[in-house]
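Residues in the sequence shown are numbered consecutively from 7, following this note's numbering. Note that CB positions come from ideal geometry on N, CA and C, so glycine has one too.
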Amino acid sequence: MVVPSHSLPRSPPDLLGVVGRDLAIVGGGPAGLTAALALVRAAPALAARIVVIEKGAYPRDKPCAGALGGRGERLLRELDALPQTPFLPIHGMSLAGAGGVVTARLDRPIGRVIRRFDFDAALAATARQRGVLVLEATTVEAITPLGRGALIETSRGAIQASIVVGADGVGSRVRRAMGTPTGELRARVLEVDTERLPGEADDVLCFDASERDFSGYHWDFPTPVAGGTLISRGIYHLTREGGIDLEARLEARLAHRGLSLARCSKKRFAERGFESPTCLAAGPLLLVGEAAGIDPITGEGIAQAIEYGVLLGAFLPAVLAGEGSLDRWTEVVHRSRLGRDLRARSALVETFFGADRPAIERLFLDHPAVLRAGCRHFAGLPQAPFDLGSTAIHALPPLFRSLSRRARGATLARFPALVCAGKPPS
Ligand SMILES: Cc1cc2nc3c(=O)[nH]c(=O)nc-3n(C[C@H](O)[C@H](O)[C@H](O)COP(=O)(O)OP(=O)(O)OC[C@H]3O[C@@H](n4cnc5c(N)ncnc54)[C@H](O)[C@@H]3O)c2cc1C
């Protein structure tokens, strides 16, 4: 139940309109808005009970290169909610390593690049058309779990909700209210838009992982701006081994191509990878999207945010009908396709960015089928048997070596005495 704001602390009258909206979704990005749309699709009567609380005012920007995989497109299409905003279709990916470059292209689009500025605003407009109350320019400042539900204090007054969904991204206030730690798979990101250089493709996502001395990569993605095509360029750095100077590195890379960082408007942000085991529900609070965790290897999170929202749309109506409890959310996510995918990616962080990095790079450069399989995965397409077979045959040996090296490391860390085995006592 949402109580009138005049009966709660610090409540100006402008939140009176939320009376009856007891499913509060904090954050109006892809995760929160897809969750609202999926809930309304599953149980139309819920529309009158949902409030999305967003601190920005639409159209609001969100630092993001905007590459949305076909899997995410399909999920939004199934909700009849794929925004009709400008986009560039993407047909492939390229990966540059210290030893060369490999490009994989499919004969159909694998996704699109959108601008979050208008994409998220269009999603919010669709949610509103379907009866969801979207409160913008409203910041959630504190969340206090009550006996039943929670009290949400916002910049415009207080709301009492029976369930609070944290879709509030990387710095999630809901996650902090749950006491869930930020985790170790955090990344820093710096992004700029520049002109497109001669010869640069307008339908390929380019990753450059050739600088092996940091856990991350540079990217160059085409992006639609004002009817033309610019290139979103940036650097992604998993901060686990300490800081690097993002700006100096991006500047050097741009200068190498005759571009000037000083002339660009810089967007800095953070990202948060999924970690297992992570608790995604506590009492009336639960997490979706980047608040819960996204892909820590590439920082891809839009399609994942959408998939979290769709999962919630299938889960919550059953809980509201008295079948099962909210506590099951963590298990539901972990057992889902999304959860398995995110767990695999977080388990592979060390393989991609640790001692086995050169072997993984060779895997991609020597066997283009592996990147083609990656394109199909991003697109949510069934795998081609040859590419799948080739990926399995060539990826298994380096993966096995990497995992066994890590298992050995973990064993030695756990039983340090083994380190001395075979050495004469000093
Ligand atoms: C530079 C950069 C480039 C990226 N490029 C890509 C890419 O190309 N492809 C891709 O798939 N992913 C990319 N990502 C990741 C992607 O942007 C996120 O993973 C994705 O936006 C997560 O969606 P979300 O809905 O969970 O969170 P968000 O999109 O972050 O939405 C959270 C919302 O909550 C609101 N909010 C936060 N706190 C509060 C509060 N206290 N009160 C009210 N509202 C609040 C925010 O204003 C925001 O609108 C990139 C990220 C960065 C930083």
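- Relative to tyrosine 242, the option among Arg259, Gly264 and Glu197 whose CA is nearest is Glu197.
- Secondary structure of leucine 265 (DSSP, three-state): coil.
- The continuous stretches of beta strand (DSSP E) do not include arginine 83, which lies in the alpha helix (DSSP H) extending over residues 76–84.
- Burial check for alanine 71: the Cβ neighbour count within 10 Å reaches 16 or more, so the residue is buried.
- Minimum Cα-Cα distance from isoleucine 59 among the listed residues Val180, Glu84 and Leu260 corresponds to Val180.
- If you check the CB distance, arginine 27 and valine 46 do not come in under 9 angstroms.
- For serine 408, the secondary structure class from DSSP, reduced to helix, strand or coil, is helix.
- Checking the 8 angstroms criterion, the Cβ of alanine 297 is within range of a heavy atom belonging to ligand 1.
- Counting along the chain, glutamine 90 sits inside no alpha helix (DSSP H), nor does DSSP assign it H or E at all.
- Of all C-beta pairs linking the segment 273–284 to the segment 33–51, fewer than three are shorter than 8 angstroms, placing the two stretches out of contact.
- Taking all protein chains shown into account, isoleucine 300 has 16 or more neighbouring C-beta atoms within 10 Å of its C-beta and is therefore buried.
- DSSP, read as helix, strand or coil, puts cysteine 70 in coil.
- Rounded to the nearest angstrom, the Cβ distance from serine 396 to alanine 375 is 4 angstroms, consistent with a contact under 8 angstroms.
- Secondary structure of glycine 279 (DSSP, three-state): strand.
- In the DSSP assignment, glycine 345 falls outside any beta strand (DSSP E) and within the unbroken alpha helix (DSSP H) covering 343–353.
- According to DSSP, tyrosine 223 shares a beta bridge with Tyr242.
- Relative to the Cα of glycine 380, the nearest Cα in the group His97, Arg259 and Gly33 belongs to His97.
- The three-state secondary structure of serine 100, taken from DSSP, is strand.
- In this structure, the beta-carbon distance from valine 171 to leucine 252 does not fall below 9 angstroms.
- At a Cβ-Cβ threshold of 9 angstroms, alanine 148 and alanine 104 do not count as neighbours.
- Contact between threonine 357 and serine 410 is ruled out by a C-beta separation of about 11 angstroms, above the 8 angstroms threshold.
- Between the beta-carbon of alanine 48 and that of alanine 320 there is about 6 angstroms, and that keeps the pair under the 8 angstroms contact cut.
- At the C-beta level, glutamate 281 and glycine 189 come within 9 angstroms of one another.
- Taking a C-beta distance under 9 angstroms as the contact criterion, proline 36 and aspartate 126 qualify as a contact pair.
- By the Cβ rule, the segment 109–118 counts as touching the segment 84–99, because three or more pairs are nearer than 8 angstroms.
- 9 angstroms or more divides the Cβ of isoleucine 165 from the Cβ of leucine 318.
- Taken through DSSP and simplified to helix, strand or coil, threonine 336 comes out as helix.
- In this chain, the alpha helix (DSSP H) harbouring valine 180 covers 179–184.
- For threonine 40, the uninterrupted alpha helix (DSSP H) run begins and ends at 36–48, by DSSP.
- In this structure, ligand 1 has no non-hydrogen atom nearer than 8 angstroms to the beta-carbon of proline 302.
- For glycine 105, the distance from the CB to the nearest heavy atom of ligand 1 is not below 8 angstroms.
- Separation of phenylalanine 370 and proline 403 (C-alpha to C-alpha, rounded to the nearest whole angstrom) is 13 angstroms.
- Counting along the chain, the unbroken beta strand (DSSP E) around arginine 194 starts and ends at 192–200.
- Judged by DSSP secondary structure, proline 151 falls within the beta strand (DSSP E) whose first and last residues are 146–151.
- A Cβ-Cβ contact shorter than 9 angstroms links leucine 291 with proline 151.
- Under the three-state reduction of DSSP output, leucine 141 falls in the strand class.
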